[in-house]
Structures are given as structure tokens and as C-alpha cells.
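Please read the structure below before turning to the comments.
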Ligand SMILES: [Zn+2]
């Protein structure tokens, strides 16, 4: 029987040329079509990935109505899963060549999706080939899921779980090595007031729910510019100008991702604080600014009574990513929380809604996805981390994150490579979603080896 190392070396060129086949298809989400809910390109790349699976010897492939595809081998009562994705984010400017043409440069593969996630998806698929070719008896079947909507909402995996059988254990090769066994809960909501007549004619802060904003602009009528200038005196985070008879205040904060907001300065909070300090507002408008000011006073959601620590994850956080004065005169305040296991998902929902209500705002739309946590001492988790360390010579430990991968949507699922945030690489190599997105060929081959070893050893574990 071939060793895993021999197999990986023998399949290197084939893997790379199959990655080129997927990279060549522009699979950015577009308008839905019949049987292609995420557009033609995404469906095309999914079918191409399933075709590759057939060539590799999988017993069955299935296009699940364009939402997701799978390739299966072995028993179906209990099976393991590998879930990657074939959709990509839009391309950026400044590539060496077309992002849809695979480039090999100085030991790296470059192209949109080589790292996120076409390359790792195929490395997982090729790992299964080892078990097929070497007739390794399968106690559990293996199903590779070809996701189609990872980048724009993960409705693909929701569709799959509603209509198809779930693996007993799965990993997603769409994050960092060695292994992530927990993700914080994610809650996001728009809190909206009734229409308010007042002095604020325009309010616009932040560009996304999941980013602490570094800029907020407010335009006011019938206020004295001097009062504002006096309140802002000595603080270089404010700029005050006049435009068409309105006073315009712009604040500059420090941006940060909602998952890591600890060193941020919220530009929305700065505006609210200044308007309160200058005491230029009254009634409902003043109350809404007080609300924004209190929400942004900490990044821990203290004002909403959701703060807490659980000794596993980082503290629960809550940021105010966006504020708007809307066309109908109402105010919109968007909040985004990354929470740990110290609070139940429905309790968090309740407390945010109750606090908002006290201040005259209602939860308009929200999303809430609870935290997941797998015990790092679980045999599969421990074994897979060990394999990473054996293959690479590293000595890393499993970790938890604040972001979200497919893993949070499924039971018994971890994320497992392929990226290595601490690895040194040339400055021109782009990360996920970036220009000249690249992956080290050496690291890709190690991931391939790690996935293969893991699939062999997972067959020995009781699920
Ligand atoms: Zn991804």
C-alpha cells in the first residue's frame, strides 16, 4: 500500500491542475436562475467540482438543486463530512494577471479562490482519493460538500441540513490551522425609532454591521455652531464646518472588526457624546443620542446587560456598527454582538430588545446564531490537532474564534486549516479576499497530507 506521503507527492500535479479548472470559473454570486439560486457561475463551478469528484472515483455525486453539491463514497448510515465552498468574493484591482487564470510564482499558487476555498476544497477531495485507491475499508462513509453560498450568507448549508442527512462529524478546510473547536455567538440587529422631528437633518455613521466605524457625519439645523465648537475644543476627533446653513460635524474614530473591538474608538459614539455635551438637542432626539452614547460607552454590551466571561472565549462584546437618520425621519441604530456561553442566545435577544424598548427603539430585523464549542479533549479533535503538529513539526494548540465559519451551522464540526496566520510569506502574497490571493504550494501539500491522515484515523474513532 502507498504511504500517505507517496500518495500526496504522486498527486501534486493533478491537484494543481484541477485547482486551475475551478479557478478558471468566475463564481461570484449573481442573480438567481432556474436551478441556480446563486447564479450561473456559482452553479457551473459546483458542477465542475462534482465532475472532478467523479474522476477521482467517488461513488455518487449530487447537485442539491443548485444550493450545494456533494460527492459520496462508502456507507450512508453514518458518514464523515468535509465542507468547503466553491463560491468566491468579487475580484479586486491590481492582480499580476487575470485572477481566473492560475499562476505559479515563487512557490505559490495565485488566483481568486486558491486559498478561499477552491484549493482547500479540492485538497480535501483528493484526500478521499487515497482511501478509495488503496481500498481502505470504510467504517464511515465520506461526503465532500461543495458549498455555494459561504461568502454571502451560508444559506447553502441551511438548505442542505433541511433536506439531506447530516454527517456524524465534519471539518471545514476554510479557516486556520491547527484547528478551531469553538466560535462565539453572533447577534446583529437594526433598532429603529419612530419618526422624529428635530434638529438632525442627516446622520450617517459606519458602513457595515460588523465593523466599528471610524467615521460618522451629522448635519444639524437651528443649532449654534459655537456651542458645538466649544464642546469639541481640544479634541482632534471632531471637525465642524458649515454647509447650506447647516452645521456639519464629522467624527474620526478607530475602526476595528466586531470580533476584536477592544482597541477601537466608535465614531458614532463620538457624535452622540458631542451633541449631548453641547446640549443642543431636546426630547426624542436627545434620548436617541443618549442611547447611542450609552451603547458605545463600552464594547462589552454592559448597557444592554449582556456582558460576561466564560473562561473559554474572549468576553462578550457589542458594537454599534451603523447609525442613520432614515427618509421617514426615524433613526436606525445597528448593533452587533459576539457573545460567549455566559448568556443564552434567546436571553441575549430579550435583553437587547428590552433595553432598546426602554429608550423608544424597536428591534426591526435581527440575526442570531448561537456559539458552538466542542471539547478539545474529544478524541477526534485531539487526534486531528496531533496530526497537524506531526506533519508540520509545529507545536500548536486548538483555539476558538469570534468569527463564523460553516462549523457553527452544523453539529460536531470543526474548522481545520489551511491557512497559517503566523507563517512568513512575501508581501505580494494576498490573503483571503485580497488582490493576488495566494497559497504556498508547500503548505497546500501539507494540508493535503494532513487531511488524508485525518480521514484514515477518523475511521478508527467511535461516532
Ligand atoms: Zn471561505
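Residue numbers (my numbering): 9 to 471.
We put the CB at the ideal spot given by N, CA and C, even for glycine.
Treat the numbers as computed from the prediction; the structure is a model and nothing was measured.
Alpha carbon of residue 105 to alpha carbon of residue 111, nearest angstrom
Within the chain shown, residue 105 is the residue found at index 97, counting from 1. Within the chain shown, residue 111 is the residue found at index 103, counting from 1. As the crow flies, the alpha-carbon of residue 105 is around 8 Å from that of residue 111.
Here's a check: name, in chain order, each residue in its chain whose Cβ is nearer than 8 Å to the Cβ of residue 284, leaving out the five neighbours to either side.
For the purposes of this step, residue 284 is taken as residue 276 along the chain shown, with counting starting at 1. Counting only residues of its own chain and dropping the five nearest sequence neighbours on each side, residue 284 has a CB closer than 8 Å to the CB of 294, 297, 298, 301.
Say the cut is 7 Å; is the CB of residue 158 nearer than that to a heavy atom of ligand 1?
Along the chain shown, read from residue 1 onward, the residue named residue 158 stands at position 150. For residue 158, the CB falls within less than 7 Å of some heavy atom of ligand 1.
How would you label residue 192, buried or exposed, when you count the other beta carbons within 10 angstroms and need 16 or more for buried?
Numbered from its first residue, the chain shown carries residue 192 at position 184. In this structure residue 192 is buried. Its beta-carbon is surrounded by 16 or more other beta-carbon atoms within 10 angstroms.
8 Å contact criterion, which residue 292 and residue 368 should meet: CB distance rounded:
In the chain shown, counting from the first residue as 1, residue 292 sits at position 284. In the chain shown, counting from the first residue as 1, residue 368 sits at position 360. Sure, about 6 Å apart at Cβ, within 8 Å.
Just the C-alpha distance for residue 263 and residue 269, rounded to the nearest angstrom, thanks.
Here residue 263 refers to the residue found at position 255 of the chain shown. Here residue 269 refers to the residue found at position 261 of the chain shown. For residue 263 and residue 269, the distance between alpha carbons rounds to 8 Å.
Which runs of the alpha helix (DSSP H) fall wholly inside the stretch 324-389 and span at least 4 residues, in chain order?
Complete alpha helix (DSSP H) runs here, min 4: 353-366.
Residue range of the alpha helix (DSSP H) that residue 281 falls in?
Working through the chain shown from its first residue, we reach residue 281 at position 273. Run containing residue 281: 275-286, per the alpha helix (DSSP H) assignment.
If I follow the unbroken alpha helix (DSSP H) through residue 88, where does it start and stop?
For the purposes of this step, residue 88 is identified with residue 80 of the chain shown, where counting begins at 1. From DSSP, residue 88 is part of no alpha helix (DSSP H) but of the beta strand (DSSP E) over 87-93.
Is residue 451 near ligand 1, with its Cβ less than 7 Å from a heavy atom?
Along the chain shown, read from residue 1 onward, the residue named residue 451 stands at position 443. No.
Just the C-alpha distance for residue 253 and residue 280, rounded to the nearest angstrom, thanks.
As a working note, residue 253 is residue 245 in the chain shown. As a working note, residue 280 is residue 272 in the chain shown. Taking the straight line from one Cα to the other gives about 21 Å.
Candidates 81, 204, 214, of which the one nearest residue 338 by Cα:
To locate residue 338, count along the chain shown from 1; it is residue 330. Check the Cα spacing between residue 338 and each of 81, 204, 214: the tightest is with 204.
Leaving out the 5 sequence neighbours to the left and right, which residues in its chain are closer than 8 Å to residue 167 when beta-carbon positions are compared?
Start at 1 with the first residue of the chain shown, and residue 167 comes out as number 159. Excluding sequence neighbours, residue 167 sits near 72, 73, 75, 76.
By Cβ distance, which residues of its chain are closer than 7 Å to residue 49, with the 5 residues on each side in sequence left out?
For the purposes of this step, residue 49 is identified with residue 41 of the chain shown, where counting begins at 1. The answer, listed in chain order, is 33, 34, 35, 36, 38.
When burial is assigned at 16 or more other CB atoms within 10 Å of the CB, is residue 25 buried or exposed?
For the purposes of this step, residue 25 is identified with residue 17 of the chain shown, where counting begins at 1. So residue 25 ends up on the exposed side.
From the DSSP secondary-structure annotation, give me the bridge partner or partners of residue 223.
By 1-based counting over the chain shown, the position of residue 223 is 215. Residue pairing of residue 223 in beta bridges, as defined by DSSP: 260.
Closer than 7 Å: residue 93 CB and nearest ligand 1 heavy atom:
Your numbering for residue 93 matches position 85 in the chain shown. A distance criterion of 7 Å places the beta-carbon of residue 93 in contact range of ligand 1, judged by its closest non-hydrogen atom.
May I ask you to report which of helix, strand or coil DSSP gives residue 291?
Your numbering for residue 291 matches position 283 in the chain shown. DSSP places residue 291 in the helix class (H, G or I) of the three-state scheme.
The alpha helix (DSSP H) that contains residue 460, what's its start and end?
For this step, residue 460 is matched to residue 452 along the chain shown. Looking at the DSSP string, the run of the alpha helix (DSSP H) that includes residue 460 is 449-466.
Residues bridged to residue 198 by DSSP?
Position 190 of the chain shown, counted from the start, is the residue given in the question as residue 198. Its beta-bridge partners are 342.
Assigned secondary structure, residue 185 (DSSP; H/G/I helix, E/B strand, else coil)
Walking along the chain shown from the start, residue 185 turns up at place 177. In the three-state DSSP reduction, residue 185 falls in the coil class, being neither helix nor strand.
Based on Cα-Cα distance, which residue from 418, 417, 386 lies nearest to residue 1?
No answer is possible for residue 1: the residues shown for the chain start at 9 and end at 471.
Near residue 242, which residues of its chain fall below 7 Å by C-beta distance, leaving aside the five closest residues on each side in sequence?
In the chain shown, counting from the first residue as 1, residue 242 sits at position 234. Here residue 242 has no same chain residue with a Cβ atom under 7 Å from its own Cβ, once five neighbours each way along the sequence are excluded.
For residue 61, the three-state DSSP class (helix, strand or coil)
Reading the chain shown from its first residue, position 53 is the one you call residue 61. Correct three-state label for residue 61: helix.
Pull up the CB-CB distance for residue 315 and residue 309, whole angstroms please, since I reckon it's below 8 Å.
Mapped onto the chain shown, residue 315 falls at position 307. Mapped onto the chain shown, residue 309 falls at position 301. By a beta-carbon distance limit of 8 Å, residue 315 contacts residue 309. Their separation comes to about 5 Å.
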